[in-house]
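> So the protein lines, in turn, are chains A and B.
Using my numbering, you'd call the opening residue of the first sequence number 95 and step up by one each time.
Using my numbering, you'd call the opening residue of the second sequence number 17 and step up by one each time.
Every residue, glycine too, gets a C-beta built ideally from N, C-alpha and C.
Computed from a predicted structure; not experimentally measured.
Structure incoming, see below.
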Amino acid sequence: DQQVKQNSPSLSVQEGRISILNCDYTNSMFDYFLWYKKYPAEGPTFLISISSIKDKNEDGRFTVFLNKSAKHLSLHIVPSQPGDSAVYFCAASGSNFGNEKLTFGTGTRLTIIP
Amino acid sequence: DAMVIQNPRYQVTQFGKPVTLSCSQTLNHNVMYWYQQKSSQAPKLLFHYYDKDFNNEADTPDNFQSRRPNTSFCFLDIRSPGLGDAAMYLCATSRDTSYEQYFGPGTRLTVT
């Protein structure tokens, strides 16, 4: 049972435009969400996170939005740059899961077109 | 500077031949994790150490074992690899109750 879902395996966006990556979750006990970015031949690197007490967190070009009622979060990248081309993983956890174990989605491959 | 190091990056082993993957960290984090990731799938947690306490996931096969001789090193032992164990194995660390995990580059395991 996939508790964290990223339904778009891939996304292509023109350079300079906004990239929107989506993530849905099913477990209402999740209360902390993270986005990781992964380049080929490298491990995932932490990008941005959000706690369930917030509905938005912004860090430079990256903004994560959380809609708890819809169990949905999204990552916005604006403006998109060629270096943003990577696989993006959504992950979820919570204080009820012990030692902050993360449940990952399957990832979305983002390609920025110059 | 590399913070979570995994060796080797690529490992080929024969069906049924034991193999060990290693992970080391320079972050002095007390929690270390091992994930298995197959193509187009989400990373799947196998087990983790909180300090010296070993925590196995319920669905991790007995074929997979782990050792953590000290804070810096953690090993993944696959006692009798099957073809289905071919995957990328990711090591990660975190500090205490921080949700943020730091990943190594992974070891890609091929089973022939």
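Where does methionine 123 (chain A) land, buried or exposed, given buried means 16+ other C-beta within 10 angstroms?
It counts as exposed.
> Interface residues of chain A around leucine 106 (chain B) at Cβ under 9 Å?
Going along chain A in sequence order, the residues near leucine 106 (chain B) (Cβ under 9 Å) are Gly137, Pro138.
> Below 7 Å on C-beta distance, what does phenylalanine 198 (chain A) contact in chain B?
Simply Ala58, Pro59.
> Expressed to the nearest angstrom, what Euclidean distance is found between the alpha-carbon atoms of valine 98 (chain A) and leucine 92 (chain B)?
Between valine 98 (chain A) and leucine 92 (chain B), the C-alpha separation is close to 26 Å.
> By the criterion of Cβ-Cβ separation under 9 Å, what are the contact partners of serine 143 (chain A) in chain C?
Absence of chain C from the displayed structure is noted, the protein chains being A and B.
> Could you compute how far the alpha carbon of tyrosine 130 (chain A) sits from the alpha carbon of alanine 74 (chain B)?
Cα-Cα distance, rounded: 25 Å.
> My guess is that leucine 128 (chain A) and threonine 202 (chain A) are in contact by the Cβ rule of under 8 Å, so how many angstroms apart are they, rounded?
Not confirmed; about 14 Å, so no contact.
> Are the beta-carbon atoms belonging to phenylalanine 119 (chain B) and leucine 99 (chain B) less than 8 Å from one another?
Not a contact, by the Cβ cut-off of 8 Å.
> Below 8 Å, can you find three or more Cβ-Cβ pairs linking the stretch 106-115 of chain A to the stretch 168-175 of chain A?
In short, these stretches touch, since the Cβ pair count reaches three.
> Is serine 82 (chain B) near glycine 32 (chain B), with beta carbons less than 8 Å apart?
Against a cut-off of 8 Å, the Cβ pair of glycine 32 (chain B) and serine 82 (chain B) comes out as no contact.
> So, are the CB atoms of glutamine 53 (chain B) and methionine 104 (chain B) less than 8 Å apart?
Yes, they are a contact pair.
> Could you please tell me which residues of the stretch 26-40 of chain B, in chain order, have their CB closer than 8 Å to any CB of chain A?
Listed in sequence order: no entries.
> With DSSP as the reference, label aspartate 101 (chain B) as helix, strand or coil.
Note: aspartate 101 (chain B) maps to helix in three-state DSSP.
> I'd like to know whether the C-beta atoms of serine 38 (chain B) and phenylalanine 70 (chain B) end up nearer to each other than 8 Å.
Their beta carbons are not under 8 Å apart, which means serine 38 (chain B) does not touch phenylalanine 70 (chain B) by this criterion.
> Tell me, please, whether the CB atom of leucine 128 (chain A) is closer than 8 Å to any CB atom in chain B?
Yes, leucine 128 (chain A) counts as interfacial toward chain B.
> Would you please verify whether the beta carbon of serine 146 (chain A) is less than 8 Å from any beta carbon of chain B?
Serine 146 (chain A) does not count as touching chain B.
> Identify the contact partners of serine 187 (chain A) in chain B, using a Cβ-Cβ distance below 7 Å as the criterion.
What serine 187 (chain A) touches in chain B: Tyr115.
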